[in-house]
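A.B. asks:
Numbering (the working numbering), first residue to last: 15 to 223.
1. Write down every uninterrupted run of the beta strand (DSSP E) in the segment 39-74 whose length is 3 residues or greater and which is fully enclosed by it, in chain order.
2. With DSSP as the reference, identify every bridge partner of residue 167, one or two as the case may be.
3. Going along the chain, which residues of its own chain have a beta-carbon closer than 6 Å to the beta-carbon of residue 165, five neighbours each way excluded?
4. Using only the alpha-carbon positions, how far apart do residue 54 and residue 72 sit?
5. For residue 204, collect the residues of the same chain with a Cβ closer than 6 Å to its Cβ; drop the 5 residues on either side in sequence, then sort them by chain order.
6. How would you write the range of the alpha helix (DSSP H) that residue 116 sits in, first residue to last?
7. From residue 109 to residue 20, what does the alpha carbon distance come to, in whole angstroms?
8. Hey, is the segment 168-178 in contact with the segment 209-216, meaning 3+ C-beta pairs nearer than 8 Å?
9. Helix, strand or coil for residue 223? Go by DSSP, reduced to three states.
10. I need the straight-line Cα distance from residue 91 to residue 142, nearest angstrom please.
11. Going by DSSP in three states, residue 77 sits in which element: helix, strand or coil?
12. What does a CB cutoff of less than 7 Å around residue 180 pick up in its chain, not counting 5 residues either side in sequence?
13. Is residue 146 near residue 68, with beta carbons less than 8 Å apart?
14. The alpha helix (DSSP H) spanning residue 93 covers which residue range?
15. Please name the residue or residues paired with residue 204 in a DSSP beta bridge.
16. Have a look at residue 48 and residue 25 and give me their C-alpha separation to the nearest angstrom.
17. Across the segment 55-63 and the segment 76-88, are there enough close Cβ pairs to call them in contact, namely three or more that are closer than 8 Å?
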C-alpha cells in the first residue's frame, strides 16, 4: 500500500537504484504517472518528459479497452478481445485515427508545442502509477521502441501479475514494487489516489518542458 503517487515514486526509484538502472531519460504516462515520474527523475538525476497513448474502446462499450494508440500511430491491440468480439479492421482503423488525434492533442497540451524528445540511442525508463490491462503502457512501449531507444525499462509501483509477461515482450526489463496476489484496480493500492488535474500535471513538467 502506497501513501500517494509521490511516495510510490520514491519507493520505485529506490528499486530502480537497487537494480542499477541508469537511464538518460524518464518518460511518464500522464496524468497519474507524472507525480511518480517526477519523484523517479529527481532521485535518478535525469530529465522528465511524457509519452502519451489513448485507449481504443470496444464497439458499443468504450470503457472496455481493446487496445491503445500513440500520437505517432503506434497501436497495441488485445488480440483475444478483438477476436472475442469479432471486431473488424474498418472499426479498428477508424478508432486508431481518432484516438491518435486525441493522443497528439494531449502531447501538444503537455509539451506546449515543443517537439517530442529524441529517444534514439538512449536508455529510457517509462513510468506510470500502476498497470491493470497494460494497453496504454504497451502502446507507449512500442512508440519508444520504434524511436530507437537503446534500452527500455518499464517501471511502476504496482501491477497485475497477468500483465507483466506482456510488458516483458516489449521492454528490456520490468521493475515493479508490488505485485499483489489479487489485483482489482490500481487505486486500491493507494491511500490517496485522487485524480491528477491537467494543471497539476503541468506543474510536474514545469522544470523540464
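C-beta atoms are modelled at their ideal positions from N, C-alpha and C, and glycine is treated no differently.
These numbers were taken from a predicted model, which means no experiment stands behind them.
C.D. replies: The structure says:
1. Within the segment 39-74, the complete beta strand (DSSP E) runs of at least 3 residues are 39-42, 62-64, 67-72.
2. In the DSSP output, where bridge partners are listed per residue, residue 167 has 139, 187.
3. Only 137, 186 meet the Cβ criterion.
4. If you draw a straight line from the Cα of residue 54 to the Cα of residue 72, it comes to about 34 Å.
5. Residues of the same chain with a CB within less than 6 Å of the CB of residue 204, apart from the 5 flanking positions on each side, are 16 in chain order.
6. Element bounds for residue 116: 103-125.
7. So the alpha carbons of these two residues sit roughly 34 Å apart.
8. Verdict: no, contact absent.
9. Reliability of the predicted coordinates at residue 223 is poor, the pLDDT of 47 falling under 50, and the value obtained from them is presented with this limitation in mind. Correct three-state label for residue 223: coil.
10. Pairing residue 91 with residue 142, the inter-Cα distance amounts to about 19 Å.
11. In the structure shown, residue 77 adopts extended strand secondary structure according to DSSP, grouped into three states.
12. Taken in chain order, the residues that qualify are 148, 152.
13. Against a cut-off of 8 Å, the Cβ pair of residue 68 and residue 146 comes out as no contact.
14. 93-98 is the extent of the alpha helix (DSSP H) around residue 93.
15. Within the DSSP bridge table, the entry for residue 204 names 16 as partners.
16. Residue 48 and residue 25: Cα-Cα distance of roughly 15 Å.
17. The segment 55-63 makes no contact with the segment 76-88: fewer than 3 CB pairs, one atom from each, lie closer than 8 Å.
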